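Keeping their order, the protein sequence lines are chains E and H.
With my numbering as the guide, the letters of the first sequence map in order to residues 95 to 634.
With my numbering as the guide, the letters of the second sequence map in order to residues 36 to 343.
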Amino acid sequence: MHSPAVALTWEFWGRHRLGLSAVGALVLTFAVGCAFAPLTANLAAINSMWFIIGLCYVIGVFAYGFDGRLESAESGFPARLFLLPVRTWVLVGWPMLQGVIVAVLLWLGWSYFVLRPSGIETPLWWSVMLAAVVAVSQAIVWLPFGLPWLRLLVAIPVLTALVRAPAFLALAGERFTLPETQNSVLSAFAAALIPLAFLVAWAGVSRARRGDNPDWLQAWRSVRLVARPQRDARPFSSAMWAQIWYEWRVRGFGFVVIVVFILAVLIALGALLERDPSKQTNFGVMLLLSPMLLAPFWSAFAGTAGVTDRSARLSAFAATRPLSNSALVVAKFRAMGLTAIAAGVIVLVVFPAWMVYTGGYRELGPVWDGVVAKYGTARAVGFCILFVVSVVVLPWRMLVVGMWAGLTGRAWVPVIYPLVVGILGLQLVHEWITWNADPARRERILDVLPWAAGCAVVLKFLVSWWALAALVLRGELGTNTIMKLLGAWILIAASLFIVLVWLIPSELVPLYGLALGVVLFVPLARLAVAPLALAWNRHR
Amino acid sequence: MVAVHSEFNGNVIEVAGLTRRFGAKAALVEVRLSVPRGTVFGLVGVNGAGKTTLIKHVLGLLKAATGSVRVFGQDPAADPAGVLVRVGYLSEEPELPGWMRVGELLRYTRAFYPNWDPKFAEELRQSFTIDPTAKVKHLSKGQRARVGLVLALAHRPELLVLDEPSSGLDPIVRRDILGAIIRTIAEEGRTVLFSSHLLHEVERVADRVALIDHGRVVFSGALDNIKETHHRLTLRFPEPRPHPPALAGALTWEGHGMEWAAVCAGQLDELKNAVDACGAQVVEQRVPSLDEIFVARVGPKCSERVKE
């Protein structure tokens, strides 16, 4: 390598060759497939989710987003590059240029070879705005902020605003809702953003390079130390509580913070952009669903077991805690319980406040009356209680069932597992959308569904049996503890089944369907596997 | 003195036939090691010899696929909680959570050890002048090592394991660490296992030493015995020699012309007889330092240094 630019380029493409190749292969595969058999518009739109995930990965690569900690106040630009005899504008400009070019080329390939054959036309400004999103993302990652978490507080609304730019433009007047006007204005706006993002990134990296990182807490810290003498906190009552505190600080608190950010953005979008009261009420639903939508993505990360939120590999400090693998996993589960409760409480406060603010509570009255008229007051109250409980329980369930992937400490497992779940999820979404389009297909699925659920239940019990037996053989858990756990599982599943039988009429869902659903819903196998996954990581 | 009351009276660490491979590379080959209770056991070897791999097996961070590892009679991988609660560990890079403050870290760690001595922890913290409000990530390397030392010592462990603890540290911090080892020795019944490149420190405190080279234990035993069986002989020959002679027991040579010095292993009488057979005369004989023994055992077989 004879030039810094080539060396810096090689660092991206050499280090991330597998991931970048996978994204390229994704676009190529769909492009080739659509050349022979174009997708329907619905299917193309659904499968664009994969493209978006790949695009996020590409942005992460070229923003050095996987190198640092996004929630920290320091610049996310790798400090090791500051030692290179290369000017700052080259260090900043070269990855920015590469990121923009790669993202836009991938998008143009997807748009032309996948979406267009499916009948979806995309305006020009999408391409330009994508370039701006890449550049702005890089600038936000590389800029040093004076406070931890401020980067995320800035990133989420800024990037959301860019993606929802047409809605903001429409606020300026009706003529800005015309497609031609939108195209020209937004293209010009995005094109202007790119050099601005470069300048901001250059200034931020320059500052970080000379060690001039802002610290807005410094003054407050010195005042705090002078004003109040340090008091010793009470000791933890047990090792378990110490570990729960640790897991909450490293992996639970961040989830709650991100939920709060998302709620803030949704509320801002709903208040600013939606004038239709009924659509504002729909935002209330999004508020409620926020923790549940975030939890599956957080789950594998919550299972990581290093000393920081980034590391999957067990450090010696973490691995030499005098706790069994089961105890370490139980501490994680309990910390996620606290996390789900905290997120649930926030959502349950924000949702009614939003409904009052938008007047959406008025729509709840007729809904309540309809449910009472159809099912009775007792069942209506039961639905409400179940609803409130599920706001906490569902995110907890989603947080803990995917933990085993992160606990393994193998980088490929948290990649493969969400991919498989994502493929199944997308297929479910597709079936949901096309449910009534083909009655014959619907009947075939309904015929097969009980058998598929039955097979899933058998698989679940087999995996659970194997995992619990392995835990007993290794001395992780005693047989008495296993019996108690199984007893608790049976009690929870039975209670849920009884409640659902009471709430849901049998003509809607047959009893055996409810039973299969409850057995599959109440987690067992993946929780039992979790300590074994940690053991695989801890004792290599 | 604080006596350790333990039901376990055998060797604290027993390693038998331990072999470990990482891919094609053999990190440990048929390692056998016994660390008696109440000793300071020094583990020496070059970088990549297998010291850290062995220590990881002792802590249960690596599972013995071939052979066995027992700490206090238990498998540390099978019962990490039972073993680790009796062990204090300090590594070259403590990998402490950077986001924690020192006070938080002490509060968190103490919860795991029933024997945690808060007064002793505070005494150590003050003697090391560690600010409890400082974040770990803002501490220097030496201060992090001191914090790691407090964490390792404050619960008065029966076994103290130190993996290159003073590597890259200034003399004052190294003195603190050595002092901690000596303090631990003074407490009856406690055991120390530590690996180090700083052989003069190992020589100062260790009762027993094992040398690991390319995953194999080259020698292991009481330091005094090791020194008794190694000798540095300076020989003078009647005629200048371009190369040193073939002397049974000679591990390494240096010198030129008529005078050559060798580090040898074996009985002194037998070595002197061999020297006489070569036609040379022993002009100086002394006990080599551990450093010299180490270099002789794992360094180049024959080093000829040209004197100016």
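Every residue gets a Cβ at the ideal spot worked out from N, C-alpha and C, and that includes glycine.
No experiment lies behind these values; they were computed from the predicted model shown.
Which residue comes first and which comes last in the beta strand (DSSP E) that contains Val-75 of chain H?
75–79
Within 10 Å of its beta-carbon, does Gly-148 of chain E have 16 or more other beta-carbons around it, so buried, or fewer, so exposed?
Buried, since its Cβ has 16 or more Cβ neighbours within 10 Å.
What residues of chain E sit near Ala-116 of chain H, judged by a beta carbon separation below 8 Å?
Pro-416, Leu-417, Ser-418 and Ala-421
Residues of chain H with CB closer than 7 Å to the CB of Tyr-340 of chain E, please, in chain order.
Tyr-143
Can you check whether the C-beta of Phe-330 of chain E is within less than 8 Å of a C-beta belonging to chain H?
Flagged as an interface residue toward chain H: Phe-330 of chain E, by a C-beta distance shorter than 8 Å.
Per DSSP, cross-strand counterpart(s) of Cys-478 of chain E
Its beta-bridge partners do not exist; DSSP assigns none.
Counting contacts by CB-CB distance shorter than 8 Å, is His-524 of chain E in contact with chain H?
no
Just the C-alpha distance for Asp-345 of chain H and His-190 of chain H, rounded to the nearest angstrom, thanks.
Absent from the model: residue 345 of chain H. The displayed extent of chain H is 36 to 343, so no value can be given.
Between His-633 of chain E and chain H, is the shortest Cβ-Cβ distance under 8 Å, so that the two count as touching?
yes
Looking at the structure shown, is Arg-456 of chain E part of a helix, part of a strand, or coil, going by DSSP?
helix
Is the beta carbon of Val-196 of chain H sitting closer than 8 Å to the one on Leu-94 of chain H?
Closer than 8 Å, so yes.
Assigned secondary structure, Val-196 of chain H (DSSP; H/G/I helix, E/B strand, else coil)
strand
Spatial neighbours of Ala-180 of chain H within its chain, please: CB distance less than 6 Å, with the 5 preceding and 5 following residues excluded, ordered by chain position.
Leu-204 and Val-208
Give the interface partners of Lys-154 of chain H over in chain E, defined as CB-CB distance under 8 Å, in chain order.
Under the 8 Å cutoff, chain E gives no residues; its nearest Cβ is about 13 Å from Lys-154 of chain H.
Pull up the CB-CB distance for Gln-316 of chain H and Leu-270 of chain H, whole angstroms please, since I reckon it's below 8 Å.
7 Å
Does DSSP put Ser-600 of chain E in a helix, a strand or coil?
coil
Identify the contact partners of Ser-409 of chain E in chain H, using a Cβ-Cβ distance below 8 Å as the criterion.
Residues of chain H with a Cβ closer than 8 Å to the Cβ of Ser-409 of chain E are, in chain order, Glu-130.
Between Lys-98 of chain H and chain E, is there a C-beta pair that is closer than 8 Å?
yes
What are the partner residues of Tyr-124 of chain H, as DSSP defines its beta bridges?
H:Val-196
Applying the criterion that 16 or more other CB atoms from any shown protein chain within 10 Å of the CB defines a buried residue, is Phe-130 of chain E buried or exposed?
exposed
Kindly indicate the opening and closing residues of the alpha helix (DSSP H) around Arg-142 of chain H.
Unbroken alpha helix (DSSP H) run through Arg-142 of chain H: 137–145.
Cβ pair Ala-410 of chain E, Ser-126 of chain H closer than 8 Å
Result yes, Cβ atoms of Ala-410 of chain E and Ser-126 of chain H sit closer than 8 Å.
Mind pulling the chain H residues with CB within less than 7 Å of Ala-327 of chain E?
Arg-142
Where do the N-terminal and C-terminal ends of the beta strand (DSSP E) with Pro-625 of chain E fall, by residue?
Here Pro-625 of chain E belongs to no beta strand (DSSP E); instead the alpha helix (DSSP H) covers 619–632.
In three-state DSSP terms, what is Phe-107 of chain H?
In the structure shown, Phe-107 of chain H sits in coil (DSSP, three-state: anything other than H, G, I, E or B).
Does the distance from the C-beta atom of Phe-243 of chain H to that of Gly-224 of chain H stay below 8 Å?
It is Arg, not Phe, that sits at residue 243 of chain H in the sequence shown. Cβ atoms of Arg-243 of chain H and Gly-224 of chain H: not closer than 8 Å.
Considering Ser-558 of chain E, what are the terminal residues of the alpha helix (DSSP H) in which it resides?
533–567
Flag this pair as touching only if the segment 376–386 of chain E and the segment 459–467 of chain E have three or more C-beta atom pairs under 8 Å; answer yes or no.
no
Counting Cβ pairs closer than 8 Å, one from the segment 556–570 of chain E and one from the segment 622–631 of chain E, do we hit at least three?
yes
Cβ-Cβ separation, Val-485 of chain E to Val-441 of chain E (assumed contact under 8 Å), whole Å:
The beta carbons of Val-441 of chain E and Val-485 of chain E sit about 6 Å from each other, so the pair counts as a contact at 8 Å.
Would DSSP call Arg-322 of chain E helix, strand or coil?
With a pLDDT of only 49 at Arg-322 of chain E, under 50, the local geometry of the prediction cannot be trusted, and the value read off the model is given with reservation. In the three-state scheme derived from DSSP, where H, G and I count as helix and E and B as strand, Arg-322 of chain E is classed as coil.
Given a cut-off of 8 Å on the beta-carbon distance, is the pair Glu-193 of chain H and His-232 of chain H in contact?
With contacts defined by Cβ atoms closer than 8 Å, Glu-193 of chain H and His-232 of chain H do not form a contacting pair.
Using a beta-carbon distance below 8 Å, is Ala-321 of chain E in contact with chain H?
For Ala-321 of chain E, the predicted model reports a pLDDT of 49, less than 50, meaning its position is unreliable; a value from the coordinates is still stated below. No, its Cβ sits nowhere closer than 8 Å to a Cβ of chain H.
Selection from E:Leu-185, E:Asn-136 and E:Val-344 that minimises the alpha carbon distance to Trp-93 of chain E:
What is shown of chain E runs 95 to 634, which leaves residue 93 of chain E out entirely.
For Ala-333 of chain E and chain H, any beta-carbon pair shorter than 8 Å?
yes
Per-residue DSSP class, three states only, for Arg-304 of chain E:
In the structure shown, Arg-304 of chain E sits in coil (DSSP, three-state: anything other than H, G, I, E or B).
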